[in-house]
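Visitor:
In my numbering, the protein residues as written are 6 to 358.
1) Please go through the segment 39 to 113 and give each complete alpha helix (DSSP H) segment of 4 or more residues, from N-terminal end onward.
2) Tell me where the beta strand (DSSP E) around residue 301 begins and ends.
3) I need the boundaries of the beta strand (DSSP E) containing residue 186, first residue and last residue.
4) What do you reckon, are the CB atoms on residue 104 and residue 126 nearer than 9 Å?
5) Here's the rule: buried if 16 or more other CB atoms are within 10 angstroms of the residue's CB, otherwise exposed. What is residue 338?
6) Starting from residue 154, trace the alpha helix (DSSP H) both ways and give me its first and last residue.
7) Under the three-state reduction of DSSP, which class applies to residue 32: helix, strand or coil?
8) Compute the Euclidean distance between the alpha carbons of residue 389 and residue 204, then round it to the nearest angstrom.
9) Buried or exposed for residue 35, going by 16 or more other Cβ atoms inside 10 Å?
10) In chain order, what residues of the same chain have a beta carbon less than 6 Å from the beta carbon of residue 62, not counting five sequence neighbours either side?
11) For a quick check, are the C-beta atoms of residue 24 and residue 300 less than 9 Å apart?
12) Measuring alpha carbon to alpha carbon, tell me which of 187, 147, 74 ends up nearest residue 163.
13) Just checking my contact of residue 50 with residue 259 at CB under 8 Å: how many whole Å lie between their CB atoms?
14) Using DSSP bridges, identify the partner residues of residue 280.
15) CB residue 209 to CB residue 240, shorter than 9 Å?
16) Can you tell me the Cα-Cα spacing of residue 313 and residue 282, whole angstroms?
17) Starting from residue 174, trace the alpha helix (DSSP H) both ways and give me its first and last residue.
18) Quick one: what's got a C-beta closer than 6 Å to residue 190's C-beta in the same chain, skipping five residues either side?
19) Distance, Cα to Cα, residue 194 vs residue 98?
20) Run through the segment 289 to 351 for me and flag every whole beta strand (DSSP E) of 3 or more residues, listed as ranges in chain order.
21) If you draw a straight line from the C-alpha of residue 180 to the C-alpha of residue 221, how long is it?
22) Starting from residue 253, trace the alpha helix (DSSP H) both ways and give me its first and last residue.
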């Protein structure tokens, strides 16, 4: 610790990402990355890039990408904001709309970056317990809070709230800002994006990291009412005018253009997920009805921390969060069929020990 650290910096508890091993000996199923490569059109576009253009700054608003996103979702480009991954977009949302005079509510078990942002920006927050079945009940959220944010499907549970249920709260609480983090929406769930034209208190966040296989390029976006997008742009331009680099913008546009590849890959992941979910259920495991690209699993008779370490010894990285109520669960990213077969065989071996 430096004597120059501010008191806020001293008090921060930063987000801890999943392990990124340097050696290539692991089956890596701990950070919900896509097991398949980006679209061939993405690779072609990047290969054919005029690299002389890299001496220039990128388009500050990622306008070609905003246009592509707006056409894909049938919204105006003025209703789209693009950032350096959905994590940056979320951070800018917390900075743009919340302060020490507003209270933000989110589930007690959800994406662990939310309380980090609150502590960083000194925003009061309320953790609302999820139900015993690990679901989120929006009626548990007090009307007095300024904003509600949640991942849908939730992480790490994978459980999903239907848009019509969310709409009930958008309608009944017009003074509450609802931020729906849809990082995993493409794996079988239904987006809230169509609701943005009816409700100016809704902001939807998505990413190219999961279903589009572009985690290494860091592209995320928000879609919402133009006044919300203007607020995000104001904060972004007060911090970093060029958050999305040229290569990332080109690759993201190409990914959106290859719908056939996108559908093929996400369907493969869904098919594998459902197959492994059924296997785990037949083995007597508790497995949530995940609508994401991961499974949330409790192995009977084996603690989560021990299962985590034993799988690591077998060359498989998964995630255990060590949080009350879910400490015995593993979050397992859906890999290829071959990788998931190795996971199942390894867990059977652990149970037989």
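Note that beta-carbon positions come from the ideal geometry of N, C-alpha and C, so glycine has one too.
Guide: This is what the structure gives:
1) Counting only runs of 4+ residues, the alpha helix (DSSP H) found wholly inside the segment 39 to 113 occupies 45 to 52, 68 to 78, 90 to 102, in chain order.
2) In this chain, the beta strand (DSSP E) harbouring residue 301 covers 299 to 303.
3) In this chain, the beta strand (DSSP E) harbouring residue 186 covers 182 to 186.
4) The answer is yes: Cβ separation under 9 Å.
5) With 16 or more Cβ atoms within 10 Å of its Cβ, residue 338 is classed as buried.
6) Looking at the DSSP string, residue 154 is not in any alpha helix (DSSP H); the run it does join, the beta strand (DSSP E), is 152 to 156.
7) Here residue 32 sits in strand by DSSP.
8) Limits of the chain in this structure are 6 at one end and 358 at the other, which puts residue 389 out of reach.
9) Answer is buried; the Cβ neighbour count reaches 16.
10) So the qualifying residues of the chain are 247.
11) Against a cut-off of 9 Å, the Cβ pair of residue 300 and residue 24 comes out as no contact.
12) The candidate whose alpha carbon is nearest that of residue 163 is 187.
13) So it is a contact: roughly 4 Å between Cβ atoms.
14) Paired residues: none, contrary to the question.
15) Cβ distance not < 9 Å, so residue 209 and residue 240 don't count as in contact.
16) One C-alpha to the other measures close to 18 Å.
17) Residue 174 -> alpha helix (DSSP H) spans 168 to 177.
18) The beta carbon of residue 190 lies closer than 6 Å to those of 196 in the same chain, with the five residues before and after it left out.
19) Distance between residue 194 and residue 98, taken at the CA atoms: about 23 Å.
20) Counting only runs of 3 or more residues that sit fully inside the segment 289 to 351, the beta strand (DSSP E) segments are 299 to 303, 334 to 338, in chain order.
21) The C-alpha of residue 180 lies about 37 Å from the C-alpha of residue 221.
22) For residue 253, the uninterrupted alpha helix (DSSP H) segment begins and ends at 251 to 262.
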